[in-house]
Each structure stands twice: as structure tokens, then as C-alpha cells.
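Before any comments, here is the structure.
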Amino acid sequence: MARRKKQPGNAPEFVNRKARHQYEITDTLEVGIVLVGTEVKSVREGRVSLGEGYVRVTDHPLSLWLHGVHIGEYAPAGPSRQHRSTAVRQLLAHKREIRKLFTKSIIKGVTVVPLKMYFNQDGRVKVLIGLGTGKKSHDKRQDLRKREADRDIERAMRRRD
Numbered sequence: 167m168a169r170r171k172k173q174p175g176n177a178p179e180f181v182n183r184k185a186r187h188q189y190e191i192t193d194t195l196e197v198g199i200v201l202v203g204t205e206v207k208s209v210r211e212g213r214v215s216l217g218e219g220y221v222r223v224t225d226h227p228l229s230l231w232l233h234g235v236h237i238g239e240y241a242p243a244g245p246s247r248q249h250r251s252t253a254v255r256q257l258l259a260h261k262r263e264i265r266k267l268f269t270k271s272i273i274k275g276v277t278v279v280p281l282k283m284y285f286n287q288d289g290r291v292k293v294l295i296g297l298g299t300g301k302k303s304h305d306k307r308q309d310l311r312k313r314e315a316d317r318d319i320e321r322a323m324r325r326r327d
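Heads up, the sequence shown is in the numbering used here, so the first residue is 167 and it goes up one at a time.
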């Protein structure tokens, strides 16, 4: 018998807003993540913070590791069943994709950061990671000016209707 696909319904989605502000994202990749049961339940409850997260690509063995992401404790579980909230977690991707990320990430100034964590159609937790270079302060100011100008144009268009 075929497994029935779970409907995501109101599954939470977590976005790392700091990443798009601090980095110029050039490439993205969707990867899986290794979690224990209480971690998945905490993610469903919305106890995740991606703000300080970053990804390390190791070459021996070739793998991806997620650092600095906080997944809060699952309250109904007892203290002996709890996970570490800031543990280093392994990310799952094909070797070809990891190798490509590794070759790009060894360049000075390039960082791999988590952009989004969400549940896919099958109910599995996925992480969207991005390859980015740090923005300078004038780039950030320029983005803010552009966003403000777009808002003004949108307001003017609404008033006109």
C-alpha cells in the first residue's frame, strides 16, 4: 500500500531575515536535516531561531553541519528525554551538491547560511541554505532606499485607483 501524503496545513515556516539583509545570496539549495523526535515536535510548535545560524562544509568526510540554530526544548518531555537546544546538526544533501558547495565556500568572504526552515509536502523538515557574500554598509543603505521607493510607488498606485 502507498503511504498517504500528509497535508502541511498550518505547518510553521521560519525565515532568517538577517541573512538576506547581511549577505548577498547568490545560490540556494534545499537540504534535509537530522533531528530527534523532541526536536521535530519543538519545530512544529514554532520554537526555532535561525538568526545566529551558519553552515560549515567539511571535506573529511564530506558533509554539511548546521551551527548556531536554536531549537527550544519540548515542554511535555521529561528532562532525561530533552535534546540540546543549540546542538550542531547534520544536513543531508547529495555528495555532488556538497562538493559544489565546498568548492564555492572555500573562497574568502563566502559564507553558507540557513535562509528558511519549513515542512515539505511529506511532513519532513527541510532547510533552505544559501551561499552568500557579506554586504557592505552602503549596499544595505542602498537596499533600504530601493525598498522605501518601491513602497512609495505602491502607495501612489493605490491612491490613484
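Where is the CB? At the ideal position from N, CA and C, for every residue including glycine.
Because the structure is a prediction, the values reported are computed rather than measured.
- prompt: Would you call the segment 272 to 290 and the segment 189 to 204 in contact, with 3 or more CB pairs under 8 Å?
  reply: yes
As assigned by DSSP and simplified to three states, the class of residue 251: coil
query: For residue 280, which residues from the same chain have a beta carbon less than 6 Å from its beta carbon, with the 5 sequence-adjacent residues on both sides left out?
result: 182, 216, 219, 293 and 295
- prompt: Of all the beta strand (DSSP E) runs that stay within the bounds of the segment 179 to 260, which reach a length of 3 or more residues?
  reply: 179 to 181, 189 to 199, 220 to 225, 228 to 233 and 255 to 258
- prompt: Under a three-way DSSP split, which group does residue 319 fall into?
  reply: helix
Euclidean distance between Cα positions of residue 283 and residue 179: 6 Å
message: Taking the beta carbon of residue 300 as the centre, do at least 16 other beta carbons fall within 10 Å, making it buried, or is it exposed?
response: exposed
Local conformation of residue 264 per DSSP, three classes: helix
task: In the DSSP assignment, find the unbroken beta strand (DSSP E) run with residue 273 in it and report its ends.
output: Per DSSP, residue 273 belongs to no beta strand (DSSP E) and is neither H nor E.
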